[in-house]
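> Protein chains in written order, with numbering that gives the first Met the number 0: chain G, 0 to 117; chain X, 0 to 244.
We put the beta carbon where it would ideally sit given N, CA and C, even for glycine.
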Amino acid sequence: MPSRTLTPAEKSEIYEDIRAFLSDELDVPLEDIKSESKILDDLHGDSMIYLELVQEFKRKFDLNVEVRVIGLYFQRHPVYTVGEVSKAVCDIVEHGDELIAKVEAETAAQNANAAAEG
Amino acid sequence: MDSADIKLISIPCNAPGVRVALLDTEPLARRELETLRARYLSDGEQVEWATLTHPARQIEWLAARVCLKQMLVRDGLLTDPRLCELRKDSRGRPWLASADGGRLSALDVSISHQGHWACACVAVGADARVGVDIETISPRLLNVAEMFVTERDWPPLTSGPEKGVTILWTLKEAASKAIGLGIGVDLSNVICRALGRDRHEVRVDAHRALLTGWHFPYDELIIAVTLMLHGPDARGVSSVQHTCL
Numbered sequence: 000m001p002s003r004t005l006t007p008a009e010k011s012e013i014y015e016d017i018r019a020f021l022s023d024e025l026d027v028p029l030e031d032i033k034s035e036s037k038i039l040d041d042l043h044g045d046s047m048i049y050l051e052l053v054q055e056f057k058r059k060f061d062l063n064v065e066v067r068v069i070g071l072y073f074q075r076h077p078v079y080t081v082g083e084v085s086k087a088v089c090d091i092v093e094h095g096d097e098l099i100a101k102v103e104a105e106t107a108a109q110n111a112n113a114a115a116e117g
Numbered sequence: 000m001d002s003a004d005i006k007l008i009s010i011p012c013n014a015p016g017v018r019v020a021l022l023d024t025e026p027l028a029r030r031e032l033e034t035l036r037a038r039y040l041s042d043g044e045q046v047e048w049a050t051l052t053h054p055a056r057q058i059e060w061l062a063a064r065v066c067l068k069q070m071l072v073r074d075g076l077l078t079d080p081r082l083c084e085l086r087k088d089s090r091g092r093p094w095l096a097s098a099d100g101g102r103l104s105a106l107d108v109s110i111s112h113q114g115h116w117a118c119a120c121v122a123v124g125a126d127a128r129v130g131v132d133i134e135t136i137s138p139r140l141l142n143v144a145e146m147f148v149t150e151r152d153w154p155p156l157t158s159g160p161e162k163g164v165t166i167l168w169t170l171k172e173a174a175s176k177a178i179g180l181g182i183g184v185d186l187s188n189v190i191c192r193a194l195g196r197d198r199h200e201v202r203v204d205a206h207r208a209l210l211t212g213w214h215f216p217y218d219e220l221i222i223a224v225t226l227m228l229h230g231p232d233a234r235g236v237s238s239v240q241h242t243c244l
């Protein structure tokens, strides 16, 4: 799946869609859902809500990205807050199956920086 | 309120050294939360509890610890619930710490909650890693089943899809908890194979992990437990000395 670039407005829309989704699913007032809100601790979500979120955005953007790729991404970028989930969804939409290559490049760069500093 | 007032439901798990208990939190919600906090939480846990803002989250957080500690007291593994605390590592895997902050390495623990139920599981043994998960049988999981059910899972989901999907979900979640994979792991890479009526082999190839799993229906719930024995001496858990605080 080719990469695409989301505009700031599209990223903002995804963030607001996630807030609305969580508000509906978890029965939490929209104004209580902030970027730093922890989905498990502050919003009383559960682990299934993460799958439901990904499924929702796969449908919305007609994504064919493999579940394995999303799983690997989440393992390397653990997400706990609404803001982190929003960034993850934007990354998935933008990079699709190339997500892992992006993460590996980031990891290699971090390791190179650490080696240079060490 | 006395700790004897807390009624645990024992789940008959025949895994070696593993105990599982359920706690219905509906009565707890009506009790004095302050009393339970004072009786069951360590000083560090009291501080953590105060940071939780969602009332339902506060209750389930407390209930899971009450369930775990009451089970340890009941089974003679703990004398004072306030002398140990449940901590979590960077991936959210729980572990028990003693009052001096040291790790109680002979006890491996896992917790779960769903609706008004809290569940706790403990494995006695330095080489044991355990995971537990509970989930209500409902259509909710069917909407996301394609993200974790694969053709490699056995038996295939040909009948009773809601119950079958719930069994697979809880087994896979319990396995990810036992290994410590964290949230968002690719559960389609966790493969379940039934070995009997309620016993399963659970394989996570990416982590070269092979676990034994059990599932137990209770009320409208499925409870799944997975156990992995690892380390240089994985002969079992029965020879390990119990730690009692």
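Name, please, each residue of chain X whose Cβ falls closer than 8 Å to the Cβ of D121(G).
Residue numbering for chain G in the displayed model covers 0 to 117; residue 121(G) lies beyond these limits and cannot be assessed.
> Could you pull out every residue in the same chain whose Cβ sits closer than 7 Å to the Cβ of D74(X), ignoring the five residues on either side in sequence?
So the qualifying residues of the chain are R18.
> Check A286(X) in the structure and name its three-state DSSP category.
Past the boundaries of the shown model lies residue 286(X); chain X is included only from 0 to 244, so the question cannot be answered.
> Give the C-beta separation of L209(X) and R202(X) to the nearest angstrom, bearing in mind that I take them to be a contact with Cβ-Cβ under 8 Å.
That belief holds up - the Cβ atoms of L209(X) and R202(X) are roughly 6 Å apart, short of 8 Å.
> Going by CA-CA distance only, name the one from A87(G), L71(G), Y79(G), E35(G) that's closest to F56(G).
Ranking the options by Cα distance to F56(G), first place goes to A87(G).
> Which value, in whole angstroms, describes the spacing of the CA atoms of I153(G) and H53(X)?
Past the edges of chain G, shown from 0 to 117, lies residue 153(G), and the structure says nothing about it.
> Using a Cβ cut-off of 7 Å, pull out every chain X residue sitting near V165(G), in sequence order please.
This structure does not reach residue 165(G), given that chain G is present from 0 up to 117, and the question cannot be answered.
> From which residue to which residue does the beta strand (DSSP E) around E172(X) run?
First-last for E172(X): 160-178, but that is the alpha helix (DSSP H), not the beta strand (DSSP E).
> In angstroms with no decimal places, state the Cα-to-Cα distance between K249(X) and E33(X).
Since the first residue of chain X shown is 0 and the last is 244, residue 249(X) is not available in this structure.
> Residues of chain G with CB closer than 9 Å to the CB of A55(X), please, in chain order.
Per Cβ cutoff of 9 Å: H43.
> Alpha carbons only, please: which of R86(X), L82(X), L77(X), F215(X) is nearest the one belonging to W60(X)?
Answer by Cα proximity: R86(X).
> How would you list, in chain order, the residues of chain G whose beta-carbon sits under 8 Å from the beta-carbon of N142(X)?
Under the 8 Å cutoff, chain G gives E51, Q54.
> Secondary structure at C118(X), three-state DSSP: helix, strand or coil?
Strand at C118(X).
> Using the Cα positions of L77(X) and Q57(X), report the straight-line distance between them to the nearest angstrom.
L77(X) and Q57(X): Cα-Cα distance of roughly 24 Å.
> Kindly indicate the opening and closing residues of the beta strand (DSSP E) around F56(G).
Unbroken run through F56(G) is the alpha helix (DSSP H), 46-59; no beta strand (DSSP E).
> Roughly how many angstroms separate the alpha carbons of F20(G) and L52(G), rounded to a whole number?
F20(G) and L52(G): Cα-Cα distance of roughly 8 Å.
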